[in-house]
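Note that the protein sequences, when read in sequence, are chains R and H.
Mind the numbering: the first sequence is residues 1 to 250 in this note's numbering, read in order.
Mind the numbering: the second sequence is residues 251 to 500 in this note's numbering, read in order.
A short write-up of the structure that comes next.
Number of protein chains: 2
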Amino acid sequence: MTATPAWPPQSAPRLYVETALGEGVSVAVDGNAAHYLISVMRVKADEIVLLFDGASGEWAAKARDIRKRDLVLECVAQTRPLETTPDFWLCVAPIKKGRIDLIAEKACELGVARLQPVLTRRAVVDKLNLDRLRAHLVEAAEQCGRTALPELSEMMKLDALLRDWPNGRHLFFADETGGAPIAEALTAHKGPAAFLVGPEGGFDPAERDAIRAHPAAVPVSLGPRILRAETAAIAATAAWMTLNGDWAKE
Amino acid sequence: MTATPAWPPQSAPRLYVETALGEGVSVAVDGNAAHYLISVMRVKADEIVLLFDGASGEWAAKARDIRKRDLVLECVAQTRPLETTPDFWLCVAPIKKGRIDLIAEKACELGVARLQPVLTRRAVVDKLNLDRLRAHLVEAAEQCGRTALPELSEMMKLDALLRDWPNGRHLFFADETGGAPIAEALTAHKGPAAFLVGPEGGFDPAERDAIRAHPAAVPVSLGPRILRAETAAIAATAAWMTLNGDWAKE
Chain R
1 MTATPAWPPQ SAPRLYVETA LGEGVSVAVD GNAAHYLISV MRVKADEIVL LFDGASGEWA
61 AKARDIRKRD LVLECVAQTR PLETTPDFWL CVAPIKKGRI DLIAEKACEL GVARLQPVLT
121 RRAVVDKLNL DRLRAHLVEA AEQCGRTALP ELSEMMKLDA LLRDWPNGRH LFFADETGGA
181 PIAEALTAHK GPAAFLVGPE GGFDPAERDA IRAHPAAVPV SLGPRILRAE TAAIAATAAW
241 MTLNGDWAKE
Chain H
251 MTATPAWPPQ SAPRLYVETA LGEGVSVAVD GNAAHYLISV MRVKADEIVL LFDGASGEWA
311 AKARDIRKRD LVLECVAQTR PLETTPDFWL CVAPIKKGRI DLIAEKACEL GVARLQPVLT
371 RRAVVDKLNL DRLRAHLVEA AEQCGRTALP ELSEMMKLDA LLRDWPNGRH LFFADETGGA
431 PIAEALTAHK GPAAFLVGPE GGFDPAERDA IRAHPAAVPV SLGPRILRAE TAAIAATAAW
491 MTLNGDWAKE
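Structure, rendered in structure tokens:
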């Protein structure tokens with residue numbers, strides 16, 4: 001008796017592509033992705049690579065036409081449908097390079113639907129490299145098996161974010177001046193939500209007043225210890241997923 | 251009218267020391283810590299540095315005898331009592347350098363009482379630099395205002411950990427083969443606890459059976475997405491703090 005090989009092979013490389021995928025679709029791959037597949041993973045002809053485009057689920061694709069710097073991947077079967085992503089946005093002030101990259105990576109792993117950079121007065125960084133952030137989202141999605149990518153929005157100013165805030169979406173934020181314990185606040189406010197995290201220096205008093213005055217705002221406490229901005233973002237996301245997201249279902 | 255300066259000064263550097271602190275205690279500081287205070291923070295005579303020793307709360311200390319490579323800090327007043335730390339252990343298999351360092355930093359910020367490295371069969375790393383991990387715990391405690399340091403234990407083998415497991419401490423673990431949603435498991439199991447996180451490759455089947463068979467074990471699910479080991483450790487800690495730790499209190 002021979003064991004049936006696992007399908008798709010567990011060791012298959014996994015790649016995000018911008019081409020819309022479907023039965024028989026061929027994707028020409030070059031650049032870094034081709035280098036990774038050909039020289040690092042040493043993919044041979046007819047071997048399987050898993051592809052996802054953020055919209056069509058995951059596809060097993062066969063490698064062909066492998067050359068030095070490019071190859072073609074041809075979709076042969078859908079291996080997973082598009083995942084459903086819980087309706088949670090993470091709104092974060094830009095912070096130092098390594099730490100905002102960590103937020104992007106963990107937001108993707110934890111299942112955030114949208115990452116919204118927000119410019120606040122005390123931000124130490126006022127420019128953000130969206131391409132780099134997007135690369136971190138893509139890499140995390142490739143590694144953690146997501147078939148959807150979190151949406152990454154252009155940076156907005158805090159006042160514009162508050163002015164254009166959609167009806168029916170709770171706006172949780174960690175308020176150093178006091179808020180309900182996060183478990184209590186989450187239990188009392190189910191449904192579409194966002195968590196807003198300020199920069200290292202926090203919101204200034206006028207910003208805090210403007211957030212608190214917003215009808216969607218829910219001030220919360222993340223406990224008695226001081227958390228760095230990226231820790232607050234990751235912990236709040238985990239707490240929301242635990243109580244109100246899809247971690248709460250069997 | 252002159253504004254009363256804040257006490258202790260908000261910009262005061264904060265330092266962990268191994269000397270037992272108390273009224274009038276003088277601490278001689280040299281090495282990296284002295285370099286940081288003298289050359290980076292440019293501390294002058296009579297300026298305040300905040301000290302903590304992990305056992306006596308936080309103390310305001312006055313700088314004196316500042317020389318090129320050393321100085322003396324003299325405790326003048328206790329600024330905070332020793333914090334109470336919720337009774338939560340994080341037990342983690344060693345993983346790659348940057349990622350286990352991240353676990354140490356975030357464990358400290360989130361309020362973990364003890365960090366317990368655990369050797370499992372699929373660990374990709376079997377040695378652990380405890381001094382480096384401890385340096386990350388100390389730095390995080392200095393930055394996030396903790397007055398206690400998480401206890402850092404020597405690495406144990408998984409079977410020894412299970413054999414010597416203390417009575418009355420729940421052992422939560424993320425079981426890829428299925429477990430209750432984490433919110434449900436946490437609500438049903440209050441009290442002293444630990445969360446056990448395997449290495450990137452997970453527990454092997456015999457290990458998983460041994461954990462599941464332990465009377466303290468509570469298998470949980472952290473949702474439908476695959477989490478990296480360090481993400482599972484941070485997310486599980488945040489979930490425990492949210493529902494069973496001191497984030498759940500006003």
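Every residue gets a Cβ at the ideal spot worked out from N, C-alpha and C, and that includes glycine.
Out of curiosity, what's the CA-to-CA distance linking residue i and residue j?
i         : j         : result
Asp70(R)  : Ala28(R)  : 7 angstroms
Ile476(H) : Glu109(R) : 7 angstroms
Leu352(H) : His189(R) : 31 angstroms
Val220(R) : Ala210(R) : 16 angstroms
Glu23(R)  : Ala193(R) : 36 angstroms
Leu90(R)  : Glu142(R) : 20 angstroms
Thr397(H) : Ala435(H) : 30 angstroms
Trp247(R) : Met241(R) : 6 angstroms
Val368(H) : Gly452(H) : 13 angstroms
Phe172(R) : Asp30(R)  : 42 angstroms
Val468(H) : Ala483(H) : 15 angstroms
Ala48(R)  : Tyr36(R)  : With the sequence shown as reference, residue 48(R) is identified as Ile, and Ala is not the correct amino acid for it. If you take the alpha carbons of Ile48(R) and Tyr36(R), they lie about 14 angstroms apart.
Pro81(R)  : Leu15(R)  : 16 angstroms
Lys157(R) : Lys377(H) : 47 angstroms
Lys62(R)  : Cys75(R)  : 6 angstroms
Pro400(H) : Gly441(H) : 18 angstroms
Glu105(R) : Glu480(H) : 12 angstroms
Val322(H) : Ala357(H) : 31 angstroms
Glu200(R) : Glu389(H) : 16 angstroms
Gln78(R)  : Asp53(R)  : 12 angstroms
Pro258(H) : Ser276(H) : 18 angstroms
Considering only C-alpha positions, which residue in the set the options is nearest to residue i?
i         : options                                       : result
Ala373(H) : Trp415(H), Ile350(H) and Glu333(H)            : Ile350(H)
Pro166(R) : Lys106(R), Glu142(R) and His214(R)            : His214(R)
Val125(R) : Gly198(R), Arg208(R) and Ala6(R)              : Gly198(R)
Gly223(R) : Gly179(R), Arg208(R) and Arg212(R)            : Gly179(R)
Asn129(R) : Thr120(R), Lys96(R), Gly145(R) and Leu149(R)  : Lys96(R)
Ile316(H) : Phe338(H), Gln328(H), Leu301(H) and Ser289(H) : Ser289(H)
Ala489(H) : Ala424(H), Phe302(H), Ile432(H) and Arg462(H) : Ile432(H)
Arg419(H) : Gly348(H), Ala311(H) and Phe338(H)            : Phe338(H)
Ala55(R)  : Ala140(R), Val72(R) and Glu83(R)              : Glu83(R)
Leu133(R) : Ala20(R), Gly98(R) and Ala113(R)              : Gly98(R)
Closest Cβ-Cβ distance between residue i and chain R: below 8 angstroms?
i         : result
Arg317(H) : no
Ile484(H) : yes
Lys440(H) : no
Lys356(H) : yes
Ser261(H) : no
Thr269(H) : no
Arg264(H) : no
Under a Cβ-count criterion, where at least 16 other Cβ atoms within 10 Å of its own Cβ denotes burial, should residue i be classed as buried or exposed?
i         : result
Thr237(R) : buried
Ala485(H) : buried
Glu426(H) : exposed
Asn244(R) : buried
Ala410(H) : exposed
Glu18(R)  : exposed
Lys318(H) : exposed
Gln10(R)  : exposed
Gly361(H) : buried
Pro205(R) : exposed
Ala60(R)  : buried
Glu404(H) : exposed
Ala284(H) : buried
Ala20(R)  : exposed
Ala343(H) : buried
Against residue i, what residues of chain R qualify as contacts under a CB-to-CB distance less than 7 angstroms, listed in chain order?
i         : result
Asp496(H) : Gly223 and Pro224
Gly361(H) : Gly223 and Arg225
If the cut is a Cβ gap below 7 angstroms, which residues of chain H does residue i touch?
i         : result
Pro181(R) : Trp497, Ala498, Lys499 and Glu500
Kindly say whether residue i, judged by its beta-carbon, lies nearer than 8 angstroms to any beta-carbon of chain H.
i         : result
Thr242(R) : yes
Ala238(R) : yes
Gln198(R) : The question names Gln, but residue 198(R) in the sequence shown is Gly. So, not an interface residue.
Thr177(R) : no
Thr231(R) : yes
Can you list the residues of chain R that residue i reaches, using a CB-CB cut of under 9 angstroms?
i         : result
Gly395(H) : Arg225 and Ile226
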